Structures are given as C-alpha cells and as structure tokens.
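Colleague: Below is one structure. I have some questions about it.
Protein chains: 2
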Amino acid sequence: MRDKESGRSGRPRSFDVDAALELGQRLFHERGYDGVSLADLTHALGIAAPSFYAAFDSKAAFFQKILGRHASATPPFDEFLIEGHPIATAIEQFLVARAVTYSEQALAKGCLVLEATHNCSDPSALSAAEQIAEDGRLHMRDLLAKSRPDLSEPISDLVASMMHGLSALARQGWSTDRLVAAARNSALSVRAMVENAKPGAPGGSAAT
Amino acid sequence: MRDKESGRSGRPRSFDVDAALELGQRLFHERGYDGVSLADLTHALGIAAPSFYAAFDSKAAFFQKILGRHASATPPFDEFLIEGHPIATAIEQFLVARAVTYSEQALAKGCLVLEATHNCSDPSALSAAEQIAEDGRLHMRDLLAKSRPDLSEPISDLVASMMHGLSALARQGWSTDRLVAAARNSALSVRAMVENAKPGAPGGSAAT
DNA sequence: GCAATTTTTTAGTGCTTGATAAATATCCCA
DNA sequence: TGGGATATTTATCAAGCACTAAAAAATTGC
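Same order as they appear, the protein sequences are chains A and B. Under our numbering, the letters of the first sequence match residues 7 to 214, in that order. Under our numbering, the letters of the second sequence match residues 7 to 214, in that order.
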C-alpha cells in the first residue's frame, strides 16, 4: 500500500491539489456554497470536470475538505483566555478579533463556516459547517466552565449569537470600526453577567 | 381609470391573490428565496406558471410584495420604548419579543427579512430585504436619539447584530428559552452603556 | 517495448431553473 | 350578439446545474 505521490504510477496530476483547495476556499467564502458552481471551480482551476471529480469525488466533499483545512488554521479560544485575567476581557478580545477578520478582506467578508452554508441547498455541506460551528462553541463553553460553570452556557450562547451577527453585517459591508465597536459593546454583557452572579465559593482556580 | 377588481372586464382570476401572497410568505420564510422555485409556488397554488406571471410579473416582484406585506404587519420599536422607562428595558423586551417570534413557528424559523435573502442569488430581492432591515434599524436609532443621541448608533448597531444572531440560531433549531436568555443577556450591554456614559446635561426629555 | 495505472480530454447525461408564445376560455358592456 | 379585455391552458424555451461514460494520453515498473 503506497501513499503520498511518491513513486506511484499513472499519469501525473496536472494541477496542485492544495492550491485548488485554497482557491476553492476563497470562492466559497466570497459567494457561498450554492454561489459557486462546478463550472466556476473548474474554470478557475483551468481543468475539466472529470479531473475535478477524480481528485475530490464531489462538490460537497471538496467543500468539506476546505472546511477542515480552514478549521485547523483558525485560532481557538484558548489563545484569548488567560488564567487570572477576567473572562469578559477574553470574550471581548475574541469577538474583536473576529470582527476584524470578518471585515478585513475585500471580497471574502464574514465567516466562511457561518456564511457559506447559510440557506444552503446541500444538506451534507450544511451539517458539516454547523458541526464545526457547534464544536467551536462547545470548546469555548468547556473552557469557560473551568472557572464559571454557571455562566459557561449563557456566555457561549451569547458569543455564538454575536458571531453570527458580526458575520452577517460584515457581509453587508459594515466597516471594521463599526463591527469592532459592536463586538466591544456586546462584551459588556459578559462583564455584567460575571459581576451580577458571583460564584458561591470563590475558592476556584482560573479566570474571574 | 378603474381600480380594484370591481367591475373590470375580462376573465376573472381563478385564485385569491392575497392568499397566494400569504402562502408565498410562508414558503419563503421556511426555505428562503432561492429555496422556493417557481414550480414550488405554482404547484402549491394550484395554478400554471403564466397565471402567476400575469398576476405578479416575476418571482422577485412577488417576493417584494410579500416583504411589504410583512413589514406592515410587524410591530415597530415604538411599542417598546416608553417615556420615563429605561432604554435598556425597551431593548430587552424588543429583543425578547424577536427571540420568541423567531422560534415559535415549527417550520418558519428566524426572521423572514433577514433569512430569506441570506446568500440570495437575486440581487433585487436581496437589496429589497436589506433596505427593510436597514430602515428598521434607522427607525430605532432615531427613536433612541431623542433621549440619547450619543448612544443611538452603537445601541442600534448592537441590536441589529443580535437580531441576525438570534435569527440564525433560531433557524438552527435553538429553543425559545435559549434564545430569550441570549436576548436578555445581550440587553445587559445596553444597561452598561447607558450607565457608563451618562449624558452631559440630563435636562433631556424621554427615556433614561 | 509492453502492461498496468492514473489522469486527461471530449462530449455528453438528465434534471431544474425562471420565464414565455400562442391559442383558448370567460368575463363586461354596448 | 359581438367586441374588447383579461386570464387561462398547453407546450415549450434556453440556460444552468452536478455529474459521468469512453477513449486517449502520460507516467511507472518490468
């Protein structure tokens, strides 16, 4: 059983698979899953349809490969949650970073995961994207639960909602400043939630 | 120049235009603009395509008629903003009402205006919906500006973002309770904004 | 050089899309 | 009774969709 491309027989592939994934990611991000046709993809890649299917099986499988590629290149919430620092600050910086990311590119506005399959006709592409978004929320929830199990659910829910909102409005052309301001203001809720409902025994461990 | 259907000549229409708009609204709400084909519409209405086009000109025009119909049946922000009552309370109750509306129907989840044209292929339908959403935000902003011109923009922006978030998550099946909790928590931001940035001269008029 | 393997090119498949031309049916009014 | 107006039915239309069968081309190992 041989793997990789080393020493396998047959006609060599005429295009770079990884470059194709990157180009596909850009197109899906710009126009959404249904907004990119197979003709769009093959034309942009300079290949014919059968070459595409030989390499990726289907449009949906191609998209899901892109999703995985994207997920492993996105900074997780861990990087924002620092022991001893307030939770509200971590949430604020996380959402601000998202607001910047969502609006910094000229064409690929918003979140690829949240936008590409919004109102998507393909159920498999939709559920794959929803699963990634949910995994991200659960990851944030579990991290928050270490210091504030009572607030981990409501905070991660609120953040999920704001991410959808920021993404949608970024796609409508809102400026980075405007989105960042909304992100900052929404984090005020987290500060209030933390202060209003103090934990029973403050003998916990990590963040405030 | 005759109007309405009173006393105009010609073969009478075989279906009720208003019932068609209502049925179309339900379908567009459930499946989005691109998710409802003309065949879907004409089959559901029990008519043939030319009858549809004779009455509504095009799919996009039909949809825009539905949008107008929907907008004039949606409670505006005025009903929530009461003189002498805190702004944060008005925002909270407004968002809670939206959270309930977005999740109460079994199939037509989320906001028709925000969801039906999300990633929509038809630019005219998209811009019509975006205009209605923006008009709503501007209306809220102008009402808020009467008492707090310094906060009218950031608050209405935050609310716009939360509406998108609540709508998207309602569409994913989140329960009413969960959405209402997120709405309530997001309103804590508004309370904080109002308290943190007191107006210079409190000699204003309406809400706090 | 030959067989095996893989990808390429070429030319389609069947299906769905929004929208329509032409002929027919049904109404009002004179 | 007939003309004008409007809506109906029937039968399409061209374009786009994701996808593929078949054969030719390019590589490897022998």
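Built from N, CA and C at the ideal position, the CB exists for glycine as well. Keep in mind that this is a model prediction, so the values were computed, not measured.
#1: Specify the secondary structure class of residue 124(A) as computed by DSSP and reduced to three states.
#2: Below 8 Å between beta carbons: does that hold for residue 69(A) and residue 34(A)?
#3: Residues in its own chain within less than 8 Å of residue 200(A) by CB, not counting five upstream and five downstream?
#4: Is it the case that the segment 110-123 of chain B contacts the segment 174-182 of chain B, given that we only count it when at least three CB pairs across the two stretches are under 8 Å?
#5: Kindly indicate which three-state DSSP category residue 91(B) falls into: helix, strand or coil?
#6: Evaluate the contact criterion for the segment 27-44 of chain A versus the segment 126-135 of chain A: three or more CB pairs, one atom per stretch, below 8 Å.
#7: With a threshold of 7 Å on Cβ separation, who are the neighbours of residue 82(A) within its own chain once the five nearest residues in sequence on each side are excluded?
#8: What residue range is occupied by the uninterrupted alpha helix (DSSP H) comprising residue 140(A)?
#9: I need the straight-line Cα distance from residue 18(B) to residue 72(B), nearest angstrom please.
#10: Taking residue 195(A) as the query, report the chain B residues whose CB atoms sit under 7 Å from its CB, ordered along the chain.
#11: Give me the subset of the segment 100-127 of chain A whose CB atoms are less than 9 Å from a CB atom of chain B, sorted by chain position.
#12: Would you mind sorting residue 210(B) into buried or exposed? The rule is 16 or more other CB atoms within 10 Å of its CB.
#13: Is the Cβ of residue 136(A) closer than 8 Å to any Cβ of chain B?
#14: Take residue 289(A) and list the residues in its own chain whose beta-carbon comes closer than 8 Å to its own, dropping the five residues that flank it on each side.
#15: Distance, Cα to Cα, residue 90(B) vs residue 64(B)?
#16: Is the Cβ of residue 199(A) closer than 8 Å to any Cβ of chain B?
#17: Consider the Cβ of residue 145(B): report whether some Cβ of chain A lies at a distance smaller than 8 Å.
#18: Determine the chain B residues that contact residue 160(A) at a beta-carbon separation under 8 Å, and present them in chain order.
#19: Report the neighbours of residue 184(A) on chain B: residues whose CB is nearer than 7 Å to its CB, in chain order.
#20: Determine, using beta carbons only, whether residue 178(B) comes closer than 8 Å to chain A.
#21: Could you tell me whether the Cβ of residue 74(A) comes closer than 8 Å to any Cβ of chain B?
#22: Please list, in chain order, the residues of the segment 20-48 of chain B that have any C-beta partner in chain A closer than 7 Å.
#23: Output the distance between the C-alpha atoms of residue 54(B) and residue 27(B), rounded to the nearest integer angstrom.
#24: What separation, rounded to the nearest whole angstrom, lies between the Cα atoms of residue 15(B) and residue 62(B)?
#25: Along chain B, which residues have their Cβ under 7 Å away from the Cβ of residue 170(A)?
#26: Mark residue 22(B) as exposed unless 16 or more other C-beta atoms lie within 10 angstroms of its C-beta, in which case mark it buried.
#27: Measure the beta-carbon distance from residue 97(B) to residue 161(B) and round it to whole angstroms, keeping in mind my assumption that it falls under 8 Å.
#28: Should residue 78(A) be labelled buried (16 or more other beta-carbon atoms within 10 Å of its own) or exposed?
#29: Does any residue of chain B have a CB that is nearer than 8 Å to the CB of residue 167(A)?
#30: Contact check, residue 130(B) vs residue 192(A) under 8 Å by CB: the rounded distance?
#31: Identify the continuous alpha helix (DSSP H) that holds residue 200(A) and give its terminal residues.
#32: Alpha carbon to alpha carbon, how far is residue 25(B) from residue 46(B)?
#33: From which residue to which residue does the alpha helix (DSSP H) around residue 112(B) run?
Modeller: Looking at the coordinates:
#1: coil
#2: In this structure, residue 34(A) lies closer than 8 Å to residue 69(A) by Cβ.
#3: Around residue 200(A), the same chain offers 92, 93, 94, 154, 157 and 214 as residues with beta carbons nearer than 8 Å, after the five sequence neighbours per side are excluded.
#4: yes
#5: coil
#6: yes
#7: 145
#8: From DSSP, the alpha helix (DSSP H) with residue 140(A) extends over 129-151.
#9: 22 Å
#10: 191, 192, 194 and 195
#11: 120, 121, 122, 123, 124, 125, 126 and 127
#12: For residue 210(B), the predicted model reports a pLDDT of 41, less than 50, meaning its position is unreliable; a value from the coordinates is still stated below. Residue 210(B) comes out exposed.
#13: yes
#14: Here chain A covers residues 7 to 214 and nothing more, so residue 289(A) does not appear.
#15: 48 Å
#16: yes
#17: Not closer than 8 Å to any Cβ of chain A, the Cβ of residue 145(B) fails to qualify, so no.
#18: 187, 188 and 191
#19: 163
#20: yes
#21: Not flagged as an interface residue toward chain B: residue 74(A), since no C-beta distance is shorter than 8 Å.
#22: 38, 40 and 41
#23: 16 Å
#24: 19 Å
#25: 170, 171, 174 and 175
#26: exposed
#27: 7 Å
#28: Here residue 78(A) is exposed. Its C-beta has fewer than 16 other C-beta atoms within 10 Å.
#29: Closer than 8 Å: yes.
#30: The pair is not a contact, with the Cβ atoms about 32 Å apart (cut-off 8 Å).
#31: 182-202
#32: 15 Å
#33: Note, residue 112(B): premise wrong, no alpha helix (DSSP H); not H, not E.
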